[in-house]
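One structure below.
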Amino acid sequence: MKLFKFIFIYISYSFILFSQESYQSKLIFPLQSQHVHGSSIVELPNGDLLACWFQGSGERSANDVAIKGSRLKKGDKNWSEIFTMADTPNQPDCNPVLFLNKDNKLFLVWIVVQANKWETSILKFRTSSDYLNTVIPNWEWQDIILLKPGDDFVNEIETKFKDNTHKEFAWSEYAPIYERMIFEAAKDPKKRETGWMTRIHPLILDNGRILLPLYSDGYNISICAISDDNGENWYESLPIVGKGNIQPSFVQKEDKTIVAYMRDSGDEPGRIMMAESKDNGESWSFANDSEIPNPGASVESIKLKSGNWLLIYNDLEDGRYSLAAAISDDEGKTWKWKKHLENSKEGGFSYPSVIQSKDGKINVTYSYHIGREKRSIKHVAFDENWIIE
Numbered sequence: 004m005k006l007f008k009f010i011f012i013y014i015s016y017s018f019i020l021f022s023q024e025s026y027q028s029k030l031i032f033p034l035q036s037q038h039v040h041g042s043s044i045v046e047l048p049n050g051d052l053l054a055c056w057f058q059g060s061g062e063r064s065a066n067d068v069a070i071k072g073s074r075l076k077k078g079d080k081n082w083s084e085i086f087t088m089a090d091t092p093n094q095p096d097c098n099p100v101l102f103l104n105k106d107n108k109l110f111l112v113w114i115v116v117q118a119n120k121w122e123t124s125i126l127k128f129r130t131s132s133d134y135l136n137t138v139i140p141n142w143e144w145q146d147i148i149l150l151k152p153g154d155d156f157v158n159e160i161e162t163k164f165k166d167n168t169h170k171e172f173a174w175s176e177y178a179p180i181y182e183r184m185i186f187e188a189a190k191d192p193k194k195r196e197t198g199w200m201t202r203i204h205p206l207i208l209d210n211g212r213i214l215l216p217l218y219s220d221g222y223n224i225s226i227c228a229i230s231d232d233n234g235e236n237w238y239e240s241l242p243i244v245g246k247g248n249i250q251p252s253f254v255q256k257e258d259k260t261i262v263a264y265m266r267d268s269g270d271e272p273g274r275i276m277m278a279e280s281k282d283n284g285e286s287w288s289f290a291n292d293s294e295i296p297n298p299g300a301s302v303e304s305i306k307l308k309s310g311n312w313l314l315i316y317n318d319l320e321d322g323r324y325s326l327a328a329a330i331s332d333d334e335g336k337t338w339k340w341k342k343h344l345e346n347s348k349e350g351g352f353s354y355p356s357v358i359q360s361k362d363g364k365i366n367v368t369y370s371y372h373i374g375r376e377k378r379s380i381k382h383v384a385f386d387e388n389w390i391i392e
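Position one of the sequence shown corresponds to residue 4 (the working numbering), numbered consecutively onward.
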């Protein structure tokens with residue numbers, strides 16, 4: 004009997020210890036009243052974690068919105084004091100993305116919301132090679148990313164809508180008006196060259212090509228900015244056309260097909276939307292609904308070291324109070340394992356940013372809002388097995 008008791012206590016203690024070690028969570032800074040949203044996280048070569056987000060009196064309507072950041076040094080438990088990563092005077096700065104290119108140059112890409120309208124946003128970026136010995140990166144270069152979609156952009160929109168709108172769909176009653184508006188706007192060179200916005204980490208292919216996901220609230224579709232020279236120059240893919248597919252996240256299959264998972268900003272039902280590219284991001288299939296719920300909120304998916312895919316998303320059609328992590332072992336055909344990072348109707352938890360660090364830990368940052376006066380960015384770290392268990 005005593006031996007049985009000892010074994011039971013030992014197993015229970017081991018399970019608790021394992022659970023504590025396999026999952027940790029912490030607010031990057033204390034709850035406060037300013038609007039904080041749209042975080043991004045990256046692991047630096049020395050094992051430090053760098054996170055950023057936008058913060059200010061509002062969102063695109065408040066000109067004091069700036070990109071803020073914090074650093075978690077390897078081995079530390081607490082994030083550093085908040086510092087400014089970028090601030091365009093008298094303009095809102097939003098939707099930052101952090102990543103390293105193949106040469107470990109650090110990139111910060113974000114948008115300046117010109118005239119306080121999403122559809123006139125401007126893409127800006129900063130780079131640094133001097134970020135390891137200081138808390139705040141020393142930015143060495145800053146510029147804007149200019150894309151120039153041409154006639155093929157217009158033709159792709161027209162063709163994809165024509166081939167993928169069917170009479171039996173309820174959508175078909177409204178489709179001609181909606182599609183014609185987008186098609187006519189696509190003819191305007193000024194409109195199609197502005198308003199492209201960041202949100203999700205880029206996918207870097209084996210050959211070094213960078214695929215930076217972008218989207219437009221004006222067109223309500225997505226696109227991909229492509230760089231074949233480590234981020235020195237960029238050009239646009241053909242658009243990812245659909246009925247409200249925005250904020251794409253890219254993940255690559257073993258056969259090199261690239262899958263885009265996108266927020267649903269279109270008609271009901273709310274579903275994560277999907278498209279595929281067979282030519283390294285140059286062109287895309289029409290975006291269709293998957294079976295995965297989406298309440299009109301951002302998602303991110305990555306391929307793990309195990310080969311499994313990870314998806315972080317709000318797993319319901321209405322609301323952002325439930326945030327889940329799901330694992331697929333068949334390249335997204337099914338998501339067999341799922342656990343909740345948050346599930347409380349008293350809050351809003353959204354816009355995840357996810358990486359897997361060199362130690363195998365999955366690191367996620369996301370907006371953590373408990374009412375208007377209690378807002379922060381939360382960081383959680385866990386093992387893949389924490390979900391699969």
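Just so you know, even glycine gets a beta-carbon here, dropped at the ideal spot from N, CA and C.
- In the three-state DSSP reduction, Pro355 falls in the strand class (E or B).
- Met88 is bridged by DSSP to nothing; it lacks a bridge partner.
- Counting C-beta pairs with one atom in each stretch, the region 30 to 44 and the region 357 to 372 have three or more that are closer than 8 Å, which means they touch.
- It is roughly 7 Å from the alpha-carbon of Leu307 to the alpha-carbon of Gln359.
- Between the alpha carbons of Leu135 and Leu109 lies a gap of roughly 10 Å.
- Taking a C-beta distance under 9 Å as the contact criterion, Arg274 and Glu294 qualify as a contact pair.
- Closest option to Ser124, judged by alpha-carbon separation, among Trp340, Lys341 and Thr91: Thr91.
- Around Trp144, the same chain offers Thr130 as residues with beta carbons nearer than 6 Å, after the five sequence neighbours per side are excluded.
- About 11 Å separates the beta carbon of Asp96 from that of Val112, a gap too long to meet the 8 Å contact definition.
- Per DSSP, Glu320 lies in no alpha helix (DSSP H) and is assigned neither H nor E.
- Judged by their CB atoms, Ala327 and Asn317 are nearer to each other than the 9 Å cut-off.
- Membership of Lys165 in the alpha helix (DSSP H) is indicated by the continuous run Asp154 to Asn167.
- Trp121 and Asp220 have their alpha carbons spaced roughly 6 Å apart.
- Out of Cys55, Leu52, Gly50 and Val262, the CA that lies nearest to the CA of Gly284 is found in Val262.
- For the set Tyr264, Asp258, Gly247 and Asp232, the Cα lying nearest the Cα of His204 is the one of Tyr264.
- A straight line joining the alpha-carbon of Ile44 with that of Val357 spans about 7 Å.
- If you look at Asn388, you'll find it isn't in any beta strand (DSSP E); it sits in the alpha helix (DSSP H) that goes Glu387 to Ile391.
- Secondary structure at Ala188: helix, using DSSP grouped into helix, strand and coil.
- Counting C-beta atoms within 10 angstroms of its own C-beta, Lys165 has fewer than 16 neighbours from the protein chains shown and is therefore classed as exposed.
- One thing to note: Leu217 has its Cβ no nearer than 9 Å to the Cβ of Ser230.
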